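Worksheet: one structure, shown below.
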Amino acid sequence: MSAKLNLLVLRCQDLSASKKFYEQLGFQFHKEQHRTGPVHYAAQLEEMVFELYPLKPGAAVDQTRLGFRLSIEGDLKERLDRAGIEICDFTHHPKYSVYVVQDPDGRKVVLS
Numbered sequence: 003m004s005a006k007l008n009l010l011v012l013r014c015q016d017l018s019a020s021k022k023f024y025e026q027l028g029f030q031f032h033k034e035q036h037r038t039g040p041v042h043y044a045a046q047l048e049e050m051v052f053e054l055y056p057l058k059p060g061a062a063v064d065q066t067r068l069g070f071r072l073s074i075e076g077d078l079k080e081r082l083d084r085a086g087i088e089i090c091d092f093t094h095h096p097k098y099s100v101y102v103v104q105d106p107d108g109r110k111v112v113l114s
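Here the sequence shown stands for residues 3 to 114, numbered as in my numbering.
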């Protein structure tokens, strides 16, 4: 069997704060709404769609841990510092550095 992840949906307490957070990492979202469903945001990442949906009232935030290898210009740490994103953990590997941050819902996001 062969499988590829092609859709990732996060439910967010504050949709605009989450959108801003992920945009600061380089994601480009566009607004969507399917029929009578909620307004949400989607970003196309190669063969995967990354969507941010509003969290339903009273629903608990999940503790999903995410990891992204980013293709950005410049230094990732400098980008995080400029955006005011706090680094929770850092590991340096011979070929790259790994930074762990938290999104507005408290999910750990591993960036390299």
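C-beta atoms are modelled at their ideal positions from N, C-alpha and C, and glycine is treated no differently.
In this text the structure is predicted, and so the values were computed from the model without any measurement.
Quick check on the DSSP output: the beta strand (DSSP E) that includes A44 runs from which residue to which? The residue you call residue 44 lines up with position 42 of the sequence shown. Note, A44: beta strand (DSSP E), H42 to L47.
Check each candidate in F29, Y98, H36 and V103 and name the one with the smallest Cα separation from E88. Counting from 1 along the sequence shown, the entry for residue 88 is found at position 86. If we check each option's Cα against that of E88, V103 comes out closest.
Quick one, which of Y101, K22, L72 and D83 has its alpha-carbon nearest L54's? Here residue 54 corresponds to residue number 52 of the sequence shown, with the count starting at 1. It is K22.
For D16, I'd like the list of residues in its chain whose CB is within less than 7 Å of its CB, leaving aside the five on either flank, ordered along the chain. Within the sequence shown, residue 16 is the residue found at index 14, counting from 1. Here the set comprises P106.
Opposite Y101 in the DSSP bridges: which residues? Locating residue 101 in the sequence shown gives position 99, counting from the first residue. DSSP, once it has assigned bridges, lists F92 and L113 as partnering Y101.
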